[in-house]
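S.K.:
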Amino acid sequence: MNFQNKLFYGDNLLVLRQSIKDETVDLCYIDPPFNSKRNYNQIYNNIGKEDAAQAQAFVDTWTWNTIANEGFEEITNNKNGVFTPQSINLILGLQKVLGKSSLLAYLVSMTQRIAEIYRVLKPTGSFYLHCDPTASHYLKLVCDAIFCTRGGDFRNEIVWSYTRWTNVQAQFQSQHDVILFYSKNKKTIFNEQRIALEVNRKRNLVELVNGKKVSKKDKEGKIIYREQTDTPLSDVWNINRVGNTAKERLGYPTQKPEALLERIIKASSKCNQRFERNYGARKSRNGLFADLISDAKFG
Ligand SMILES: C[S@@+](CC[C@H](N)C(=O)[O-])C[C@H]1O[C@@H](n2cnc3c(N)ncnc32)[C@H](O)[C@@H]1O
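In my numbering, the protein residues as written are 10 to 308.
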C-alpha cells in the first residue's frame, strides 16, 4: 500500500477510485449502512452519563435518485470496465424484480464499491462485508457475481451473535449480524484462529502405521492421551456489543467491538514481525480508513 495508516474523510467510492491502486490491499473490511431504512444519531459526551447532546451521524434511507440512476447506467454500460457480465445481468435482473426502488439504489451503490474493492485487493486478498439479514441475501448475490465469476471464493457467512435489550415484538429478537467473507483467489492469507474450549477434552494421540492412522501406544501398550484445550474458531462468533460503560465506547451508533475486528485482521492479514516486536500487535499492520464522518473523535 503506498501510504502509512491513513484516515480518509469522504465518499469511499472516490477514495477507492482516486487513491488506491490495483492489487495493493491484503484485507478489506467494510461496515456500510445496512439498508435499515433509518437515520442514526451520534451521541456526544455521554460515556456512562445521560445523553448530553446528539447530532445526525449517518443516513441509511435510500431513494431512487440521480445518483442511483447514474450508478445504474455506469454498471449496465460497464463504464469503467470493472463490472463482470454477471454483475451487469444481476443488476438488470434485480431491476425487473425490485424496480427502480430504494433497495435497488442500495444494491447499485454497494455493487459500485465492491467492484472497486475487488480491483484494489491483492491476488491473495480477502474481503469481509458486514451486514445483517435485512439485505445479506442480496449482497451475497452481488459478491458472488463480482468474486466467484473470476476465480474468487465465498469462504464463510459469519454469524456475529450478541445479546441486547429485548423488546416486545411479534417476531424473534434480532440478535445477530452477518459478515460475508470472500477471497479474491483460492490461494489466500488465512491464519487459523483458535478458541479455548469451555471444557478441555482428552484426545488420543494418533500416528501413521503403514499409511493408516492408529492410536499411539506407550511401552505397556496403553493408548497415549493428550489434553485438548482449544479448537479452531467456527463461523459463529459470540462477542458482546460495545457496552454503555465500555472503555472503547465512542458513543457512535452501530459501533462494532474491537474484538470482532481483531479476529478478522489476525485471520486474514500478515503482521509485520519487526513492527509487532517493536510496537505490539496493534501497530503491526498498515491500515486505511474512510468515512463520511469528519469528527476526528471517531478516527
Ligand atoms: C454502520 S456505520 C459504521 C460503524 C463503524 N464501523 C463503527 O464500528 O463505529 C456505517 C458508516 O458508513 C459511513 N458511510 C455511509 N456512506 C458512506 C460513503 N459513501 N463513504 C464513506 N462512508 C460512508 C457512515 O458515515 C457510517 O459511519
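Using N, Cα and C, we set each Cβ at its ideal position, and we do this for glycine too.
#1: Indicate, with yes or no, if ligand 1 has a heavy atom lying under 7 Å from the CB of GLN178.
#2: Which class does ASN194 belong to by DSSP, given the choice of helix, strand or coil?
#3: Return the chain-ordered ranges of every alpha helix (DSSP H) run that is complete within the region 83-151 and spans a minimum of 4 residues.
#4: With 16 other CB atoms within 10 Å as the buried threshold, where does ASN44 fall?
#5: Where are the alpha helix (DSSP H) runs, 4 residues long or more, that stay fully inside the region 196-229, in chain order?
#6: May I have the straight-line CA-CA distance separating PHE307 from HIS139, to the nearest angstrom?
#7: Short of 8 Å in beta carbon distance, which residues of its chain neighbour GLN184, apart from the five on each side in sequence? Order them along the chain.
#8: How about the region 256-276 and the region 34-43: do they share at least three Cβ pairs that are nearer than 8 Å?
#9: Which term fits ILE155, buried or exposed, when burial requires 16 or more other beta carbons within 10 angstroms of its beta carbon?
#10: Quick one: is GLU207 buried, meaning 16 or more other Cβ sit within 10 Å of its Cβ, or exposed?
#11: Examine ligand 2 and report whether any of its heavy atoms sits within less than 7 Å of the Cβ of PRO41.
#12: With H, G and I counted as helix, E and B as strand and the rest as coil, what does DSSP make of CYS280?
#13: Between ASP186 and ligand 1, is there a pair consisting of the residue's CB and a ligand heavy atom that are separated by less than 7 Å?
#14: Work out the CA separation of TRP246 and LYS265 for me, nearest whole Å.
#15: Who are PRO241's beta bridge partners in DSSP?
#16: Using the Cβ count rule (16 or more neighbours within 10 Å means buried), how would you classify THR197?
#17: Per DSSP, what are the beta-bridge partners of VAL391 in this structure?
#18: Three Cβ pairs or more, each shorter than 8 Å: is that satisfied between the region 127-142 and the region 187-204?
#19: First and last residue of the beta strand (DSSP E) that includes LEU16?
#20: Please return the same chain residues whose Cβ sits closer than 8 Å to the Cβ of THR72, not counting the five positions on each side in sequence.
#21: Say yes only if the C-beta of TYR261 is nearer than 7 Å to one or more non-hydrogen atoms of ligand 1, and no if none qualify.
#22: Note down, in chain order, each residue of its chain lying with its Cβ closer than 6 Å to the Cβ of GLU201, except the 5 sequence neighbours on either side.
#23: Please report the straight-line C-alpha distance between PHE136 and LYS193, rounded to a whole angstrom.
#24: Measure the C-alpha to C-alpha separation of ASN54 and LEU301 and round it to an integer number of angstroms.
#25: Measure how close the beta-carbons of ARG250 and ILE274 come, nearest whole angstrom, since I'm counting them as under 8 Å.
#26: In terms of DSSP beta bridges, what is SER309 paired with?
#27: With respect to the beta strand (DSSP E) encompassing LEU36, which residues constitute its N-terminal and C-terminal limits?
#28: Between GLY230, VAL91, GLU125, which lies nearest to ASN21 when the distance is taken from Cα to Cα?
#29: Express the C-alpha separation of SER278 and ARG203 in angstroms, rounding to a whole number.
#30: Measuring from the CB of ASN48, is there a heavy atom of ligand 1 at a distance below 7 Å?
#31: For GLU257, which three-state DSSP category applies?
M.R.: On the basis of the coordinates in this document:
#1: With a threshold of 7 Å, the Cβ atom of GLN178 does not count as near ligand 1, since no heavy atom of the ligand is closer than that.
#2: Coil, per DSSP.
#3: As summarised for the region 83-151, the continuous alpha helix (DSSP H) elements at least 4 residues long and confined to that stretch are 94-107, 111-129, given in chain order.
#4: buried
#5: none
#6: With a pLDDT of only 48 at PHE307, under the threshold of 50, the placement of this residue in the model should not be trusted; the figure read from the coordinates follows. PHE307 and HIS139: Cα-Cα distance of roughly 19 Å.
#7: SER170, TYR171, THR172, ARG173
#8: With a cut-off of 8 Å, the region 34-43 and the region 256-276 count as touching, because enough Cβ pairs lie within range.
#9: buried
#10: exposed
#11: Ligand 2 is not part of this structure, which contains only ligand 1.
#12: coil
#13: ASP186: no, Cβ never under 7 Å from ligand 1.
#14: 13 Å
#15: Answer is ARG203.
#16: buried
#17: Any answer about residue 391 is impossible in this case: the structure gives the chain only from 10 up to 308.
#18: Enough Cβ pairs lie closer than 8 Å, so yes.
#19: 15-18
#20: Cβ within range, chain order: SER111, ALA114.
#21: yes
#22: Excluding sequence neighbours, GLU201 sits near PRO241.
#23: 8 Å
#24: In this predicted model, ASN54 has a pLDDT of only 49, less than 50, meaning its place in the structure is not dependable enough to derive any value.
#25: With a Cβ gap of about 19 Å, ARG250 and ILE274 do not count as contacting.
#26: There is simply no residue 309 to check, as the chain begins at 10 and stops at 308 in what is shown.
#27: LEU36: member of the beta strand (DSSP E) spanning 34-39, first to last residue.
#28: Sorting GLY230, VAL91, GLU125 by C-alpha distance to the C-alpha of ASN21 places GLU125 at the top.
#29: Going by C-alpha positions, ARG203 is about 16 Å away from SER278.
#30: no
#31: coil
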